[in-house]
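Colleague:
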Amino acid sequence: MAACAKGLPKCLFSLTLSRNPRLRNQRFVSTSRCRRAPAHGSEEPPKFSPPPKPVIIDKTQTAASLRKFLSPEFIPPRQRTNAIKFAIERKDMIHRRKVLHIPEFYVGSIMAVTMADPNASGKINRFVGICIQRGGKGLGATFVLRNIINNQGVEICYEIYSPRIQQIDVLKLEKRLDDNLMYLRDALSEYSTVDPEMRPGPFSPTGEVTVNKIRVRMRPKPWSKRWERPKFNIKGIRFDLALTPEQMEHAQKWAQPWLQYDMLREYDTSNLEEQIFNEVQQEMSK
Amino acid sequence: MAAWSCRLLLRRGTPVLSLRAAAESPPRMVGCIRSVNNTTWFDEHLTEDNQEYMRKSMAQEYRRQTADRLNPLKDEPWQRHEWTQGSRRVGLVAIKLGMAPIWTKTGERHVATMLQVQDCHVIKYLSKEEFDGHTAALLVGGRNVSPFHKSEVQMEMFRNAGVPPKQKLTTFKVSDNALIKPGTPLLAAHFRPGQYVDVTAKSIGKGFQGVMKRYGFKGQPASHGQTKTHRRPGASGPGGDPAKVFKGKKMPGRMGNVFVTAYGLKIWRVNTKCNVLYVNGSVPGHKNCLLKIRDTTLPTRSSTLLSLPFPTYFTEEEGDLDEDLYDDNLFIHTDPSLALT
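Residue numbers (the working numbering), protein chains in the order written: chain L, 561 to 846; chain P, 53 to 393.
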């Protein structure tokens with residue numbers, strides 16, 4: 561409250577408000593504020609400067625307890641490209657992230673995306689769905705959202721850095737047992753339906769992300785892909801209800817057990833990830 | 053052993069004919085038999101710290117040479133002329149970095165190739181008479197490389213220009229009012245966004261390829277009785293009247309690794325800090341290959357509206373440009389999201 565004498569009557573008024581129990585539950589709003597006549601020297605009224613924004617410092621969370629997350633499109637693929645190309649692209653990505661808040665999300669999270677669409681009424685298009693795939697690196701990174709609307713499965717692939725995207729919200733942040741949920745196309749429709757009016761759930765920036773260990777029931781075969789084969793390495797399907805043990809054994813014929821020992825396929829990104837994470841955090845906090 | 057004998061012979065000035073024999077017998081030539089290929093690289097027999105030192109000192113030397121060249125006081129530049137209708141200016145040599153998406157202000161997505169102009173210098177001036185009798189030419193080089201694999205003729209040229217040896221040398225036909233002194237560096241700001249360019253490079257080599265991949269022939273059906281014929285060329289021409297196969301008949305052979313030009317590519321963005329050009333669409337060649345970029349020859353895309361730096365962009369003259377120059381239609385990522393109305 562104002563400390564100067566000008567505000568003193570208002571102070572007294574507020575004190576009476578807080579002491580009187582009847583008046584406490586009512587709201588008194590004054591739209592005008594009585595002003596003194598301006599001082600002799602000044603011709604114009606004093607310039608309105610908005611009050612400073614309150615800085616919220618959450619003392620319960622230290623920097624160490626916050627969850628470290630680097631979006632996978634920042635990690636460059638193992639190629640013979642010059643590192644300058646990735647550095648320039650990363651700068652552009654950070655510029656875009658400063659304008660549009662791109663939240664942390666994983667495959668299996670439920671998200672809502674609003675995009676500018678010239679053909680939609682109100683020019684804005686909102687879609688809610690479950691994220692089934694994250695692909696691409698750099699500026700061309702994409703994610704696919706799936707939902708079932710009026711008994712029709714709909715999948716939309718959004719480019720994360722497209723300028724037409726107005727807002728991305730994560731309604732439920734969670735992970736699943738797999739990195740790629742394309743098998744939801746062959747699963748029962750209850751697993752892909754998401755309520756379009758869903759409200760955002762609680763978000764905690766500390767601690768591990770919950771893993772939803774749900775195992776999905778499938779429609780009868782044929783499926784769009786042979787999900788039982790070891791190359792897909794899917795853990796989130798109830799194969800015991802869909803296939804016989806003989807079929808499961810037959811699928812193991814396509815196993816390549818030597819792949820895990822192949823040293824040329826190793827791509828250790830831990831150092832790179834740390835470097836890039838520090839760089840991105842620094843740039844974003846500027 | 054064989055290597056040493058090879059060097060001894062070279063030092064004495066005698067031609068290298070038989071090397072194996074020379075090791076055993078006295079240096080009288082027995083007759084040319086076989087040549088032993090014993091190439092070595094300059095730091096094969098050096099210790100590790102010597103190798104490090106060599107690399108560092110070479111890099112320092114190159115930087116010093118380039119820095120000298122940028123100083124206008126040390127050597128006077130040539131006479132600068134104004135741009136007139138019909139004058140041609142130099143091009144650049146650049147390296148293909150990779151591709152990235154770009155968006156316009158109307159929300160359309162295009163792809164662009166990023167080309168980095170690295171150590172591009174003018175090497176030599178060839179007058180009208182020296183070159184072809186009609187137009188003058190300028191030799192331009194790109195990307196510094198070690199001098200140990202360059203011939204003496206080339207090294208002489210680089211020494212005269214006062215510039216480190218370059219990997220690629222190209223000629224640009226240039227009008228007389230756009231001549232530049234050998235040794236001047238060429239930067240990415242030579243091109244401006246909104247302009248159209250032609251890019252020439254060697255396409256990716258595919259090796260010996262069949263007629264379906266090379267020329268897009270349809271081949272034959274996979275089943276319905278075809279005997280051992282699915283990707284063959286089929287007939288090779290008309291019958292008994294010519295009774296021959298015409299020259300130039302499309303047949304299997306080596307594909308790729310030839311110079312290909314992509315015409316009329318728009319420049320969307322120029323990064324003056326890292327010397328990177330964003331060029332619309334795709335460009336021939338693999339990643340990190342050297343390309344030749346010049347202003348378009350297409351008559352419908354040559355713009356007189358843009359004031360392009362003539363004969364080239366000099367840092368001292370034109371002063372500071374922004375770090376990034378964008379085309380008018382390009383969406384810049386620092387702007388707020390598009391609201392299409």
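We put the CB at the ideal spot given by N, CA and C, even for glycine.
#1: Please classify Leu317 of chain P as buried or exposed, where buried requires at least 16 neighbouring CB atoms within 10 angstroms.
#2: Kindly indicate the opening and closing residues of the beta strand (DSSP E) around Arg346 of chain P.
#3: Is Val673 of chain L close to chain P? Criterion is C-beta to C-beta, closer than 8 Å.
#4: Looking at the C-beta of Pro336 of chain P, does it have a partner C-beta in chain L at a distance below 8 Å?
#5: Just verifying my parser: in three-state terms, what is the DSSP assignment at Ser389 of chain P?
#6: Are the Cβ atoms of Gln168 of chain P and Cys326 of chain P separated by less than 8 Å?
#7: When you compare the CB of Leu832 of chain L with every CB in chain P, is at least one pair closer than 8 Å?
#8: Going by the beta-carbon positions, is the gap between Leu741 of chain L and Ile709 of chain L smaller than 8 Å?
#9: Can you tell me the Cα-Cα spacing of Leu149 of chain P and Val322 of chain P, whole angstroms?
#10: By a C-beta neighbour count over all protein chains shown, 10 Å radius and 16 as the cutoff for buried, is Thr92 of chain P buried or exposed?
#11: When the distance is taken between beta carbons, is Leu705 of chain L closer than 8 Å to Met671 of chain L?
#12: Name the two residues that bound the continuous beta strand (DSSP E) containing Asp800 of chain L.
#13: Would you kindly check if the distance between the Cβ of Gly193 of chain P and the Cβ of Leu221 of chain P is under 8 Å?
#14: Establish whether the CB of Arg694 of chain L and some CB of chain P are separated by less than 8 Å.
#15: Does Lys254 of chain P come out as helix, strand or coil in the three-state DSSP assignment?
#16: Listed from N- to C-terminal order along the chain, which residues in the stretch 143-167 of chain P have their beta-carbon within a distance smaller than 8 Å of any beta-carbon of chain L?
#17: Kindly say whether Ser203 of chain P, judged by its beta-carbon, lies nearer than 8 Å to any beta-carbon of chain L.
#18: Can Val673 of chain L and Tyr718 of chain L be called in contact, C-beta distance under 8 Å?
#19: Look at the alpha carbon of Arg777 of chain L and the alpha carbon of Leu626 of chain L, and state the distance between them as a whole number of angstroms.
#20: Could you tell me which residues DSSP puts in a beta bridge with Asn831 of chain L?
#21: Starting from Cys172 of chain P, follow its DSSP beta bridges and name the residues at the other end.
#22: Can you tell me where the alpha helix (DSSP H) holding Pro805 of chain L begins and where it ends?
#23: Going by the beta-carbon positions, is the gap between Val226 of chain P and Leu190 of chain P smaller than 8 Å?
#24: Taking 8 Å as the threshold (beta carbon to beta carbon), is Cys172 of chain P in contact with chain L?
#25: Rounding to the nearest angstrom, what Cα-Cα distance links Lys613 of chain L and Asp800 of chain L in this structure?
#26: May I ask which residues mark the beginning and end of the alpha helix (DSSP H) holding Phe200 of chain P?
#27: Can you tell me whether His173 of chain P is buried or exposed, with buried defined as 16 or more other CB within 10 angstroms of its CB?
#28: Provide the residue span of the alpha helix (DSSP H) that contains Val145 of chain P, from first to last.
#29: Rounded to the nearest angstrom, how far is the Cβ of Gly289 of chain P from that of Lys301 of chain P, given a contact under 8 Å?
#30: Is DSSP giving Met758 of chain L helix, strand or coil here?
#31: What residue range does the beta strand (DSSP E) around Glu715 of chain L cover?
#32: List the residues of chain L whose Cβ lies closer than 7 Å to the Cβ of Leu390 of chain P, in chain order.
#33: Quick check on DSSP: helix, strand or coil for Phe608 of chain L?
#34: With DSSP as the reference, label Arg63 of chain P as helix, strand or coil.
#35: Under 8 Å: do the stretch 697-704 of chain L and the stretch 800-810 of chain L share three or more Cβ pairs, one atom per stretch?
#36: If we ignore side chains and look at the alpha-carbon of each, how far apart do Leu824 of chain L and Phe366 of chain P end up?
Modeller: Concretely, from the data shown:
#1: buried
#2: Per DSSP, Arg346 of chain P belongs to the beta strand (DSSP E) from Leu342 to Asp347.
#3: no
#4: no
#5: coil
#6: In this structure, the beta-carbon distance from Gln168 of chain P to Cys326 of chain P falls below 8 Å.
#7: Interface with chain P (8 Å Cβ-Cβ cutoff): Leu832 of chain L is excluded.
#8: no
#9: 14 Å
#10: exposed
#11: yes
#12: From DSSP, Asp800 of chain L is part of no beta strand (DSSP E) but of the alpha helix (DSSP H) over Phe799 to Ala802.
#13: Leu221 of chain P places its beta carbon less than 8 Å from that of Gly193 of chain P.
#14: False, the Cβ-Cβ gap to chain P never drops below 8 Å.
#15: Collapsing the DSSP output to three states places Lys254 of chain P in a strand.
#16: Cβ contacts with chain L come from Ile147, Leu149, Gly150, Ala152, Pro153, Trp155, Gly159, Arg161 and Met166.
#17: no
#18: yes
#19: 36 Å
#20: DSSP, once it has assigned bridges, lists no residue as partnering Asn831 of chain L.
#21: Looking at the DSSP output, Cys172 of chain P shares a beta bridge with P:Leu238.
#22: Pro805 to Ala811
#23: yes
#24: no
#25: 58 Å
#26: Looking at the DSSP string, Phe200 of chain P is not in any alpha helix (DSSP H), and its letter there is neither H nor E.
#27: buried
#28: Here Val145 of chain P belongs to no alpha helix (DSSP H); instead the beta strand (DSSP E) covers Leu144 to Trp155.
#29: Yes, Gly289 of chain P and Lys301 of chain P are in contact; Cβ-Cβ is about 7 Å, under 8 Å.
#30: Per DSSP, reduced to three states, the secondary structure at Met758 of chain L is coil, with no helix or strand assignment.
#31: Gln712 to Glu719
#32: Ala676, Pro723 and Arg724
#33: Note: Phe608 of chain L maps to coil in three-state DSSP.
#34: For Arg63 of chain P, the pLDDT reaches just 46, beneath the cut-off of 50, and the residue's location in the model is therefore unreliable, although a value from the coordinates is still provided. Here Arg63 of chain P sits in helix by DSSP.
#35: no
#36: 47 Å
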